[in-house]
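Colleague:
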Amino acid sequence: MFAQQVVNAVMLGSVYAMVAVALTLSIGVLNFLNFSIPGLFMLGGMAVWALAHAGVPLPLAIAGALAVAAAASLVVERFTWRWMRTASPFVPLVSSMAFLLLFEHLAIAYWGSDMRVMPDALANGNWRFAGLVIGIPQLVGLICSVGLIAVLSLLLKHTRFGRALRTIAEDSETALILGVDIDRVVAAIFVVAGLFAAFAGVLFALNYRQVHPFMGEAVGLKAISAMIVGGMGNVWGSIVGGLVIGLAEVFAISYFGADFVDIAVFGFLLLILFVRPTGLFRGMQTVRAGI
Amino acid sequence: MSGYLEGVLVLLAINVVFAYGAFLPLAAGQLNLGLAGFAAIGAYCSAYLSTQFAVHPLIAIPLGALLSGLIALVVAVPVLRTRGIYLALATFALGQITKAAILNLAFIGGAAGYPVPSYVGLPVVLAFALGVAAVIPLLFATRFGIAVRAVHDDERVADLMGVEVRGFQIAAFTLGAMIAGIGGGLYAHHFSYIEAQYFNVGLSITIVLYVLLGGTQTTMGPLIGAAIFTLLPELLRESASWRYVVFAAGVIVLMVLRPQGLLTRGVFRRLFDWRHSRASARDAESLAEHAA
């Protein structure tokens, strides 16, 4: 029973970790808390449901959902970060909150506000191992999320794009002087963040088989906690943060009841903010020093 | 007065109270995303007092606000150690914890919600709203307002000028929570039923949006923001979800066009300060003389 709980927590934590990576990229490089990311998570989940429901084969449906979210994230970039340099730091934050509201209510307008169930298109096999039940989609999802985060981390460390990105995180004016095409790199950051959030949404839809226009809020709020726990701007920290929040949630549910979850998770978050605001791992300095 | 019009006015009045609750911390440079939690404390405390101890709502609502302010005062010290995004996130976590705690408290109904038998009508709600909308501008016309603005613009310079920075930050945070508590108490006693789910992060965000859209530079900003964004969606009430889509799109466009909010200090001066117009007229005259 205990081991099964750990398995469930790890699966949930990997979804939180993916969303937290999207958030942490935006905070670490642009110092921008992007509230539209939970909306992009929801768009990924809802779009994969809508496409699969319309009879599109699953791989195509996943690709379609990712494309929708990446495009939406570029729209967010146009109306938030581009205006940050001239305005107070609250402005892009407020606009991104408005985008979350916009995405949610567009989803309701198109698909209605009911809970939707994913069709049984994919072989939803379970793998039994030493008395544990591990869903195949869950396992694939876990491997994918850890793999993607590893790839992102390598990209940041070794490629020209990664260096440009870290220069912007350090000082965007210096980056401009050094010839970094800031607008392009920032657009790329938004696309990557959108893809991570949407992929997490797709995983969530496949694992838990339910989608809903407001599904982004609960997951997004937990992912924000995961990001802070892991240290803002630290990509690997997001994985640890996601797992910690996943474990805290699953064990709080099984030992204290579902109503206690928020107190446990957000109490932990508050404690970290008071005691160690930089998170468990070093945040932005780590981005600057090379992850 | 028709029931519909009365409903809209009540909503407007409560939103104005909430907006001033968000305005105080914002004027001091704090983004408080936990206001719904403080509104919930005010709502539940006043409802508990009027239900269990038959306290008159006119006394219970201020007492609820007082408790909200007391709790804010206690948490202000650790919360205000953080700043910027961290402060926003800490207040946000605080709001979530408050909501979750109410869900777990059986004596105020828990997840089932809490019925409030005693009722306050439109006149009382309106009176409270007008009171708040009158007191805050008066407060900001005093030394308090100047000090809070100074803290907002530059903490270090304010400190050098002898402003008690930490004290004014705590005062703005606590007063904001108290006003949000008044709004919560009014909501509870007008709608006769409260549930923890109403006081979610969405409410906190909407309240903050009113103020940022109206503008934080003048004390009329929250009033304008709350009025426009309560009344405008009423025109679109045929379709509930499209109305939010229009609201959200409006916010995005407005933030691009007027990032300081609708009503800025410059606009306010041009509209209401007669000296300004006379001075500019004099400038125009002297320019004309020079030209001649």
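Note that the protein sequences, when read in sequence, are chains L and W. Residue numbering for the first sequence follows the numbering used here, starting at 1 and increasing by one per position. Residue numbering for the second sequence follows the numbering used here, starting at 1001 and increasing by one per position. For glycine and all other residues, C-beta sits at the position ideal for the given N, C-alpha and C. Keep in mind it's a predicted model, so treat the numbers as computed, not measured.
Please classify Y1004 (chain W): does DSSP put it in a helix, a strand, or coil?
Modeller: Here residue 1004 (chain W) refers to the residue found at position 4 when the second sequence is read from its first residue. Y1004 (chain W): helix per DSSP, three-state reduction.
Colleague: Determine the extent of the alpha helix (DSSP H) in which P1123 (chain W) is found, giving its start and end residues.
Modeller: Residue mapping note: residue 1123 (chain W) aligns to position 123 of the second sequence, counting from 1. Element bounds for P1123 (chain W): L1122 to F1140.
Colleague: Measure from the C-beta of A109 (chain L) to each C-beta in chain W and report whether the shortest distance is under 8 Å.
Modeller: Here residue 109 (chain L) refers to the residue found at position 109 of the first sequence. At least one chain W Cβ lies under 8 Å of A109 (chain L).
Colleague: Sort out for me which residues DSSP pairs I272 (chain L) with in a bridge.
Modeller: Position 272 of the first sequence, counted from the start, is the residue given in the question as residue 272 (chain L). According to DSSP, which records beta bridges pairwise, I272 (chain L) is partnered with nothing at all.
Colleague: Any beta carbon of chain L sitting closer than 8 Å to that of Y1086 (chain W)?
Modeller: Taking the second sequence and counting its residues from 1, one reaches residue 1086 (chain W) at position 86. Yes - at least one Cβ of chain L is within 8 Å of the one on Y1086 (chain W).
Colleague: Give, in chain order, every residue of the region 1212–1245 of chain W whose Cβ lies closer than 7 Å to some Cβ of chain L.
Modeller: The region 1212–1245 of chain W vs chain L, Cβ under 7 Å: L1212, S1241, W1242, Y1244 and V1245.
Colleague: Identify the contact partners of S95 (chain L) in chain W, using a Cβ-Cβ distance below 8 Å as the criterion.
Modeller: By 1-based counting over the first sequence, the position of residue 95 (chain L) is 95. What S95 (chain L) touches in chain W: V1251, I1252, M1255 and V1256.
Colleague: Leaving aside the five residues before and after G141 (chain L) along the sequence, list all residues of the same chain whose C-beta is less than 8 Å from its C-beta, in chain order.
Modeller: Taking the first residue of the first sequence as 1, we reach residue 141 (chain L) at position 141. The residues are M11, S14, V15, L203, L206 and N207.
Colleague: DSSP on V1055 (chain W), reduced to helix/strand/coil?
Modeller: Taking the second sequence and counting its residues from 1, the one referred to as residue 1055 (chain W) is at position 55. DSSP places V1055 (chain W) in coil when its eight states are reduced to three.
Colleague: May I ask you to list, following chain order, the residues of the region 45–72 of chain L that have a beta carbon less than 8 Å from some beta carbon of chain W?
Modeller: Correct list: empty, as no residue qualifies.
Colleague: State the start and end residues of the unbroken alpha helix (DSSP H) segment that holds S1204 (chain W).
Modeller: Taking the second sequence and counting its residues from 1, one reaches residue 1204 (chain W) at position 204. Counting along the chain, the alpha helix (DSSP H) containing S1204 (chain W) begins and ends at V1201 to G1214.
Colleague: Find the residues of chain L that neighbour Q1030 (chain W), judging by a C-beta separation of less than 7 Å, and give them in chain order.
Modeller: Looking up residue 1030 (chain W) in the second sequence gives position 30. Correct list: empty, because the minimum Cβ distance to chain L is about 10 Å.
Colleague: What did DSSP end up calling G135 (chain L) once you bin it into helix, strand or coil?
Modeller: Within the first sequence, numbered from 1, the residue matching residue 135 (chain L) stands at position 135. DSSP places G135 (chain L) in strand when its eight states are reduced to three.
Colleague: In chain L, which residues lie with their C-beta within 7 Å of the C-beta of R1149 (chain W)?
Modeller: Here the question's residue 1149 (chain W) lines up with position 149 in the second sequence. In chain order: nothing, as chain L lies at least about 14 Å away.
Colleague: When the Cα of L117 (chain L) is compared with those of L:G237, L:L247 and L:P213, which residue comes out closest?
Modeller: Within the first sequence, numbered from 1, the residue matching residue 117 (chain L) stands at position 117. Here the sequence assigns Val to residue 117 (chain L), which means Leu is not the residue at that position. Selected option, being the one with the closest Cα: L:P213.
Colleague: For a cutoff of 8 Å on Cβ pairs, would you count A1101 (chain W) as touching chain L?
Modeller: As a working mapping, residue 1101 (chain W) is identified with position 101 in the second sequence. Yes - at least one Cβ of chain L is within 8 Å of the one on A1101 (chain W).
Colleague: Please report the distance separating the alpha-carbon of R209 (chain L) from that of V1125 (chain W).
Modeller: Sequence index remark: in the first sequence, residue 209 (chain L) carries index 209 (1-based). Sequence index remark: in the second sequence, residue 1125 (chain W) carries index 125 (1-based). Approximately 45 Å between the Cα atoms of the pair.
Colleague: Quick one: what's got a C-beta closer than 7 Å to G1029 (chain W)'s C-beta in the same chain, skipping five residues either side?
Modeller: One-based indexing of the second sequence puts residue 1029 (chain W) at position 29. The answer, listed in chain order, is V1151 and H1152.
Colleague: Out of W:S1068, W:N1200 and W:A1027, point me to the one whose CA is closest to I1136 (chain W)'s CA.
Modeller: Locating residue 1136 (chain W) in the second sequence gives position 136, where the first residue counts as 1. Of W:S1068, W:N1200 and W:A1027, the residue nearest in Cα terms is W:A1027.
Colleague: Helix, strand or coil: how does DSSP classify P1025 (chain W) here?
Modeller: Indexing the second sequence from 1 puts residue 1025 (chain W) at position 25. In this structure, P1025 (chain W) counts as helix in the three-state DSSP scheme.
Colleague: Does DSSP classify Q1260 (chain W) as helix, strand or coil?
Modeller: On the second sequence, position 260 is the one that residue 1260 (chain W) refers to. Three-state DSSP puts Q1260 (chain W) in coil, outside helix and strand.
Colleague: Rounded to whole angstroms, what's the CA-CA distance from A1177 (chain W) to G64 (chain L)? Just pull it up for me.
Modeller: Position 177 of the second sequence holds residue 1177 (chain W). Position 64 of the first sequence holds residue 64 (chain L). A1177 (chain W) and G64 (chain L): Cα-Cα distance of roughly 45 Å.
Colleague: Please return the same chain residues whose Cβ sits closer than 6 Å to the Cβ of N34 (chain L), not counting the five positions on each side in sequence.
Modeller: Taking the first sequence and counting its residues from 1, the one referred to as residue 34 (chain L) is at position 34. S26 and S96.
Colleague: Under a CB-based cut-off of 8 Å, is N1015 (chain W) close to chain L?
Modeller: Reading the second sequence from its first residue, position 15 is the one you call residue 1015 (chain W). For N1015 (chain W), the answer is no, since every Cβ of chain L falls outside 8 Å of its Cβ.
Colleague: Counting only C-beta atoms, is D262 (chain L) closer than 8 Å to chain W at any point?
Modeller: Within the first sequence, the letter at position 262 stands for residue 262 (chain L). Judged by the 8 Å Cβ criterion, D262 (chain L) is in contact with chain W.
Colleague: Which class does Y1114 (chain W) belong to by DSSP, given the choice of helix, strand or coil?
Modeller: In the second sequence, the residue the question calls residue 1114 (chain W) occupies position 114. In the structure shown, Y1114 (chain W) sits in a strand (DSSP, three-state: E or B).
Colleague: Could you say which of L:G257, L:L247 and L:V211 lies nearest to G112 (chain L) if we only look at CA atoms?
Modeller: To locate residue 112 (chain L), count along the first sequence from 1; it is residue 112. Closest by alpha carbon: L:V211.
Colleague: Quick one: is I168 (chain L) near chain W, going by C-beta distance under 8 Å?
Modeller: Against the first sequence, residue 168 (chain L) aligns to sequence position 168. So, not an interface residue.
Colleague: Against chain L, with Cβ distances strictly below 8 Å, would P1259 (chain W) count as a contact?
Modeller: Counting from 1 along the second sequence, the entry for residue 1259 (chain W) is found at position 259. Yes, P1259 (chain W) lies at the interface with chain L (some Cβ there is under 8 Å from its Cβ).
Colleague: So, helix, strand or coil for V117 (chain L), using DSSP?
Modeller: Reading the first sequence from its first residue, position 117 is the one you call residue 117 (chain L). In the structure shown, V117 (chain L) sits in a strand (DSSP, three-state: E or B).
Colleague: Which residues in chain W have a C-beta closer than 8 Å to the C-beta of V219 (chain L)? List them in chain order.
Modeller: Mapped onto the first sequence, residue 219 (chain L) falls at position 219. Near V219 (chain L) there are no residues of chain W at all, since even the closest Cβ is about 13 Å away, more than 8 Å.
Colleague: V211 (chain L) by DSSP, collapsed to three states: which one?
Modeller: Residue numbering aside, residue 211 (chain L) sits at position 211 when the first sequence is read from its first letter. DSSP places V211 (chain L) in strand when its eight states are reduced to three.
Colleague: Who are the near neighbours of R1161 (chain W) in its chain, counting only those whose CB is closer than 8 Å to its CB and skipping five residues on each side?
Modeller: Position 161 of the second sequence, counted from the start, is the residue given in the question as residue 1161 (chain W). In the sequence as displayed, the identity of residue 1161 (chain W) is Met instead of Arg. Closer than 8 Å at the Cβ level, and outside the excluded window around M1161 (chain W), lie A1150.
Colleague: Does the Cβ-Cβ distance between A69 (chain L) and M227 (chain L) come in under 8 Å?
Modeller: To locate residue 69 (chain L), count along the first sequence from 1; it is residue 69. To locate residue 227 (chain L), count along the first sequence from 1; it is residue 227. Against a cut-off of 8 Å, the Cβ pair of M227 (chain L) and A69 (chain L) comes out as no contact.
Colleague: Could you check whether the Cβ of L1209 (chain W) sits closer than 8 Å to any Cβ belonging to chain L?
Modeller: As a first step, residue 1209 (chain W) must be located in the second sequence, where it is residue number 209. Yes, L1209 (chain W) counts as interfacial toward chain L.
Colleague: Anything in chain W within Cβ reach of I228 (chain L), meaning under 7 Å, just list it in chain order.
Modeller: Against the first sequence, residue 228 (chain L) aligns to sequence position 228. Per Cβ cutoff of 7 Å: L1089.
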